[in-house]
Amino acid sequence: MSYQKYADIIIDISHENLDKTYQYGIPEEFLSTAVIGAPVEVPFGLGNRRINGYIVGLSSEPKLSVDKIKPIHRVMEKDPVIESHLIYLAYWMKETFGGTMIDALKTVMPVKKAVKLKEKRHIILAVSEEEARTLYLEQKKKNNGARVRLLEALLKTEVLDYNEVTEGLNISRSVLRWFEDNGIIRIESRQMYRNPINGQNSGKKPVVLNEKQQYIADQIIDDYSRGNRYTYLIHGVTGSGKTEIYMEVISRVIASGKQVIVLIPEIALTYQTVNRFYERFGERVSILNSRMSDGERYDQSLRAKKGEIDIMIGPRSALFTPFKNLGLIIIDEEHEGSYKSEITPKYHAVDVAIKRAELTGAFVILGSATPSLESYQKGLSGEYKLFTLDKRTKEAALPKIYVVDLREELRQKNRSIFSRKLKDLMEEKLKKNEQIMLFINRRGYSGFVSCRSCGHVIKCSHCDIALTSHIHGKLICHYCGYEEKMPNICQACGSKYIATFGTGTQKVEELVKREFPHARVLRMDTDTTKTKGGYEEILSAFARHEADILVGTQMIVKGHDFPLVSLVGIIAADLSLYAGDFRAAERTFQLLSQAAGRAGRDAVPGEVVIQTYHPEHYSITAAAEGNYRKFFEQEMMFRKLMHYPPAAHILLALITAKDEEEADLAVARGGEVLKEYINNKGLKSRLIGPAPASIAKAKDIYRRVIYIKDGDYNVLVEVKNFFEDFFANSGQFAGCSLQFDFNPMNVY
Ligand code: ADP
Ligand code: ZN
Ligand code: ZN
């Protein structure tokens, strides 16, 4: 017997078995209900035992001879099992972002691994709160940093996780022994169901929202209670009280019996942040993070599925927490690059959150001090509801910002990397025993060429993106492949001070030590933070004032609060401005805004020096003025002019191969067939490239790119499907692999 349609079914939802599907025939009566994600009952094995499975694929062709294919026994309708939503979500992700169904399933399904219950050690306060407070004041007077930190934490929560204390708070064993010997704490081990957050709900009263916060929370809750579902964007500077609004809305959503997912970038997922949620919501909160083992993560999914928790906090992957009754997804710092997956399917958490909310009747809140252009545009167009908070809740004075023109420094014969202004301020702060952060904007830096006399940067005339220098004095555009020779003199002013731009953190550290031999300097970059905990160690050493100056990459501008930092120096704001991709100005604006926000958090007023060759560039002036709107408008003009997102959509096809010739052939042939396809179909898509990727070779693999732009996302999905099929079926590209990225956030 043959069937009109066949279904691929997974039987066992465990991570190892996701790629094993079985094909069944769909009897006529189920043709309309047998959709992707549907739970089914099928005969299995020799005895045709009835077991449950899920449909993950549909086709009209049998993979075996038809008499070997069994029919689906039953499609279970309206079974609200969580797997159905997630399987459908996986299918949607595969369609929307590329890759295989298995890639997508592995992204949305929690890892199933047999796990043993773990012994956990805790530190428990063994004296009264009074006594602890007295002790705290005593130790504070004596300046016993470590003891003060532990007492502070214990005064907030009486039970602490041992590792959080030793690693998170950086407290040594000998300090703990002193506490134990004096009967102030007990250290206990107990077997427990793994709850990664330890401590107790202090029952602390929530803050009273100010008028603006209350208005926003009320609007959102009002929509929610009326059954209206929207996506909200809260644009508010750091410290403007967004998190308090989230918590207010969360408490209403969980009071209605639903659950909540809160996404926070991994780097901001600190003890302090999580603890705020814990203090308010207690045991019903859990977290996921990358330091947890697969087993620990699986435990947490299981707890969510069983209904033991209401709130899951975590990075991108927490989006797939299997809550049965999801009500709300919050994405804090929604502009962060880490919300875009770097592995296939290369999805963006914001898009997936909105889709998941749509499937489950939930809604989404996005928050940021510097929203992505994509989100802000949707806020303005009304696709999202936009709220703005423009004041900090605590009236900390905003820092004073100086923009220094490096061309002028050169004219004044100052060849040092420190401008006169920065040097003067550094001396002043060191004298006052205050702290300094020096920040090098190096992310995505790829060797652009500029003139040190006039600041002119050599750009691609087709793409308006900085060309990057390669060996043999070649300058290349990584979007379209345009090439030219490195000129000897500046095309704009004739100066011969023209060179590849670049300063490393190590170099800066060296120069700081030379200029300020008495200052204590710490450096933080990918080299010094390789070890586990290296990042926390450096930051907490700096927080303890064990150094006067912290030199680092963008890592240092996030997360931590340093009350003694009164000066932030940005050595070369331009570095990220010409990073070779269309988001360079946006990233620069975000980084500068964040860096500026680091200075003067508390009593000490802050100053910021931005050194640049382009003091007039809007990403720099807007950041210096704290004017998001100005930045947005300028940047949107550029995106519209050049058809970059969000004015249009971009599809990147990345072709990689071990053999250089093969990579070149494949990308050239790929370019041809794509051009043909676009012409034959009469599409308006623009093809850019082929070109070598900006990282043209990595780990002996050659990398080539093609970009396709179109105003309509769905057209790009069609182009992707066509190219995927062509690539898989042509038989010519066995040695190559192909990946897609929609609206990429990385430099390829
Ligand atoms: P954001 O999430 O925008 O950075 P937060 O919600 O973390 O801002 O608020 C910054 C600080 O101000 C926090 O310490 C918070 O507890 C406090 N805060 C926020 N709103 C209020 C309020 N209405 N009353 C008192 N303190 C508040
Ligand atoms: Zn010049
Ligand atoms: Zn170009």
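Quick note: the sequence shown uses the numbering used here, first residue 118, plus one each step. Just so you know, even glycine gets a beta-carbon here, dropped at the ideal spot from N, CA and C. Computed from a predicted model, the values in this text were never measured in an experiment.
Rounded to whole angstroms, residue 413 and residue 375 show a C-alpha spacing of 24 Å. In summary, residue 254 is exposed, with fewer than 16 beta-carbon neighbours lying within 10 Å of its beta-carbon over all protein chains present.
At least 8 Å separates the beta-carbon of residue 426 from that of residue 379. Nearest C-alpha to residue 854 among 771, 814, 840, 161: 771.
According to DSSP, residue 414 shares a beta bridge with no other residue. For residue 832, the enclosing alpha helix (DSSP H) begins and ends at 830 to 846. Residue 506 has its alpha-carbon roughly 29 Å from the corresponding atom of residue 406. Across the structure, residue 282 and residue 266 are spaced so that their CA atoms are roughly 9 Å apart. For residue 202, the uninterrupted alpha helix (DSSP H) run begins and ends at 199 to 214, by DSSP. Under DSSP, residue 595 takes part in no beta bridge, so it has no partner. The beta carbons of residue 639 and residue 664 sit closer together than 8 Å.
Burial is judged here by how many other beta carbons sit within 10 angstroms of a residue's own beta carbon; residue 626 has at least 16 and is buried.
The straight-line gap separating the alpha-carbon atoms of residue 252 and residue 278 is approximately 21 Å. Taken in chain order, the complete beta strand (DSSP E) segments of 3 residues or longer contained in the segment 445 to 511 are 480 to 485, 502 to 506.
Remark: fewer than three beta-carbon pairs, one from each stretch, lie closer than 8 Å, so the segment 744 to 755 and the segment 836 to 843 are not flagged as touching.
Within the chosen limit of 7 Å, ligand 3 does not reach the beta carbon of residue 853 with any heavy atom. By the 16-neighbour rule on beta-carbons within 10 angstroms, residue 148 is exposed.
A buried status is given to residue 586, since no fewer than 16 other beta-carbon atoms sit within 10 Å of its beta-carbon. A straight line joining the alpha-carbon of residue 763 with that of residue 703 spans about 12 Å. Exclusion of the five residues before and after residue 564 leaves 585, 586, 617 as the residues of its chain whose Cβ lies within less than 6 Å of its Cβ. Short note on residue 863: C-beta not closer than 7 Å to any heavy atom of ligand 1. Looking at the DSSP output, residue 607 sits in no beta bridge, so it has no partner there. A distance of 8 Å or more separates the beta carbons of residue 783 and residue 706. By DSSP's assignment, residue 819 forms a beta bridge with 774, 814. In the structure shown, residue 629 falls within a helical segment according to DSSP collapsed to helix, strand and coil.
Counting the other CB atoms within 10 Å of its CB gives residue 589 a total below 16, which places it among the exposed residues. Contact between residue 727 and residue 687 holds, since their C-beta atoms are separated by about 5 Å, short of 8 Å. In this structure, residue 573 has its CB closer than 7 Å to one or more heavy atoms of ligand 2. Here the distance from the Cβ of residue 359 to the nearest heavy atom of ligand 1 is below 7 Å. Residue 516 sits close to residue 723, with the two beta carbons spaced by under 8 Å. Cβ-Cβ separation between residue 725 and residue 557: approximately 15 Å, too far for a contact (criterion under 8 Å). Counting the other CB atoms within 10 Å of its CB gives residue 537 a total below 16, which places it among the exposed residues. 660 is the residue among 660, 794, 816 whose C-alpha sits nearest the C-alpha of residue 285.
According to the DSSP assignment, residue 167 belongs to the beta strand (DSSP E) that extends over 166 to 176. Separation of residue 606 and residue 807 (C-alpha to C-alpha, rounded to the nearest whole angstrom) is 29 Å. Comparing C-alpha distances from residue 163 to each of 186, 370, 576 shows the shortest one belongs to 186.
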